[in-house]
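Structure, as structure tokens:
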Amino acid sequence: MFGMFDIIIALIFIYALFASLVSGINEVIVQMLSMRGRVLLESIAMMLGELPKDTGSSSVTSRVFKWLKHKLGLINTKQTHLTNQLYANPLVDTLSPPGSSLPSYISPQTFSAALVQIMSVDGSIETLKKSMEDRSKPLNKLLGPMLDEAGNDIKKFKTSVENHYNAIMDRVGGWYKRRTQAIMFFVGLVLAVLMNIDSVYIVQHLQKNPDKTLALVEAAEKYSAIKGQTDEEITEKEKLIQKIKELSVKSEEFKNIGLPIGWYSKDKEASESAADQKDSGGSFPFDFLPGQDSKLVFLGWIATALAGALGAPFWFDAISKIFAARGSGRKPG
């Protein structure tokens, strides 16, 4: 169908811009909550068998609250005694970056050394074994076989601890990604509703307005070069501020293109008329855009939120692939 590629590229480009905004907000949240450090803390507490068990509450509100706490890494550190000792150890404590109480990375060697220092004052395996008598059952279940296998060799015990730690850390990356995507979806949904970014309406609008579609396609060609930027690169405060400034500039540029987003503001006469009838309850000053289907709007918002959760690099990469599929982009001239 004529123009289908243009519509797809225009829609994907809108998604890429939206995902950039979502990613920027997500990174602010991640930094404010020290999310990387919290996920690492929770992983270590889980490894040491110190995470509090779910009480199985039947309350929906309670379950939602627990889900949010889990996604944000807000665990109850009052019950993580050994983990707290580990993080207070100088070997680990000095790894925390300025302005944060939690390190985002602990090497296997540092972890095993700090653990041995806590559990064995003199560094001997005999003292370590005696220390295990006062430890929890989950910890005994984890470290007991390692101690038996190590015999009297403390280095062998450390190696076993490091190997298990590495196995846990291999999964931490996936846990962190899923949590950040959950946050990005939530942020995306809030933005989609506040800005009324309805994917269903956008597609319908692009089909009826080829000039705007082509303008978006040209903008996509211009900005597709930034597809190499990834969400993970935005880690330092200076880079984050620069990214937000860039997003602000892009937002202004696309407002000039006339994207089919936002809420319809009722005219002044209608507002005055509504004010005259305030005894009947008044009226909300905003409405859906002309032609927007209120029955499909929630579906459109959900689609937009899902697009934002995928991240800008995904969409910019998709644009490049579509350009390649239709013959290495638009013909010059």
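Counting in the working numbering, the sequence shown runs from 1360 upward without gaps.
Idealized CB from N, CA, C, for every residue including glycine.
8 Å Cβ cutoff met for residue i and residue j
i: Ser1303; j: Ile1513; result: Since the first and last residues shown for the chain are 1360 and 1692, residue 1303 lies out of range.
i: Ala1551; j: Thr1663; result: yes
i: Leu1648; j: Pro1619; result: yes
i: Met1543; j: Ser1382; result: yes
i: Glu1521; j: Gln1444; result: no
i: Ile1366; j: Gln1566; result: yes
i: Gly1617; j: Lys1571; result: yes
i: Leu1678; j: Ala1579; result: Correcting the residue identity first, residue 1678 is Ile in this sequence and not Leu. Closer than 8 Å, so yes.
i: Leu1392; j: Thr1442; result: no
i: Gln1476; j: Asn1511; result: no
i: Leu1370; j: Ile1556; result: no
i: Met1491; j: Asn1499; result: yes
i: Phe1470; j: Tyr1524; result: yes
i: Ser1462; j: Leu1454; result: According to the sequence shown, residue 1462 is Pro rather than Ser. Yes, the pair counts as a contact, with Cβ atoms nearer than the cut-off.
Cross-strand partners of residue i (DSSP beta bridge)
i: Asp1646; result: Tyr1623
Option in the options with minimal Cα separation from residue i
i: Gly1667; options: Phe1372, Ile1366, Gly1362, Phe1364; result: Phe1372
i: Leu1658; options: Pro1504, Val1398, Leu1548; result: Leu1548
i: Ser1495; options: Met1478, Ile1527, Asp1646; result: Met1478
i: Leu1376; options: Asn1568, Ala1683, Phe1675, Ala1684; result: Phe1675
i: Gly1408; options: His1440, Gln1390, Thr1539, Ser1463; result: His1440
i: Tyr1623; options: Leu1553, Ser1558, Met1505, Val1546; result: Leu1553
i: Leu1695; options: Leu1461, Ala1472, Tyr1464, Pro1456; result: Coverage of the chain is limited to positions 1360 through 1692, which leaves residue 1695 absent and any answer about it impossible.
i: Leu1655; options: Pro1456, Gly1503, Gln1563; result: Gln1563
i: Ile1388; options: Ser1558, Pro1672, Arg1538; result: Arg1538
i: Asp1354; options: Leu1487, Asp1493, Ala1526; result: Outside the displayed range of the chain (1360 to 1692) lies residue 1354, so it cannot be described from this structure.
i: Glu1485; options: Glu1577, Tyr1464, Ala1509; result: Ala1509
i: Pro1497; options: Asn1568, Gly1532, Arg1397, Met1405; result: Met1405
i: Met1718; options: Lys1581, Leu1573, Gln1651; result: Outside the shown range of the chain (1360 to 1692) lies residue 1718, about which nothing can therefore be said.
i: Met1528; options: Gly1396, Ile1384, Gly1670; result: Gly1396
i: Ala1671; options: Gln1390, Gly1650, Tyr1582; result: Tyr1582
i: Phe1682; options: Gly1650, Glu1577, Val1480, Gln1651; result: Glu1577
i: Val1546; options: Ala1684, Leu1669, Ser1402; result: Leu1669
i: Val1559; options: Leu1410, Ser1519, Ser1653, Pro1569; result: Ser1653
i: Ile1403; options: Pro1569, Asn1568, Val1531; result: Val1531
DSSP state of residue i mapped onto helix, strand, coil
i: Ser1421; result: Because Ser1421 carries a pLDDT of 48, less than 50, the predicted location of this residue cannot be relied on, and the following value inherits that uncertainty. It is helical.
i: Lys1654; result: coil
i: Tyr1464; result: coil
i: Asp1481; result: coil
i: Asn1352; result: Absent from the model: residue 1352. The displayed extent of the chain is 1360 to 1692, so no value can be given.
i: Ser1455; result: coil
i: Glu1580; result: helix
i: Gly1670; result: coil
i: Ala1409; result: Here residue 1409 turns out to be Glu, not Ala, going by the sequence shown. Correct three-state label for Glu1409: coil.
i: Gln1636; result: Caution is warranted here: a pLDDT of 48 is assigned to Gln1636, below 50, making its placement in the model unreliable, and the coordinate value is therefore given only provisionally. It is coil, neither helix nor strand.
i: Leu1498; result: helix
i: Lys1680; result: helix
i: Leu1575; result: helix
i: Phe1675; result: helix
i: Asn1506; result: Reading off the sequence shown, one finds Leu at residue 1506, where the question assumed Asn. If DSSP states are grouped into helix, strand and coil, Leu1506 belongs with the helices.
i: Leu1618; result: coil
i: Gln1588; result: Because Gln1588 carries a pLDDT of 46, less than 50, the predicted location of this residue cannot be relied on, and no value is offered for it.
i: Lys1690; result: Any reading at Lys1690 must be qualified, since the residue scores a pLDDT of 49, below 50, and its modelled position is unreliable; no value is offered.
i: Thr1594; result: Confidence at Thr1594 is low in this model, with a pLDDT of 43, below 50, so the placement of that residue should be treated as unreliable; the coordinate-derived value is given next. Thr1594 falls in the coil class under three-state DSSP.
i: Glu1631; result: Note that Glu1631 has pLDDT 49, beneath the 50 cutoff, so the model's placement of it is unreliable and no number is given.
Where the alpha helix (DSSP H) through residue i begins and ends
i: Gly1532; result: 1513-1553
i: Pro1449; result: 1449-1452
i: Met1491; result: Met1491 -> no alpha helix (DSSP H), and no H or E assigned at all.
i: Ile1367; result: 1363-1391
i: Asp1557; result: Run containing Asp1557: none; DSSP gives neither H nor E here.
i: Gly1396; result: 1394-1406
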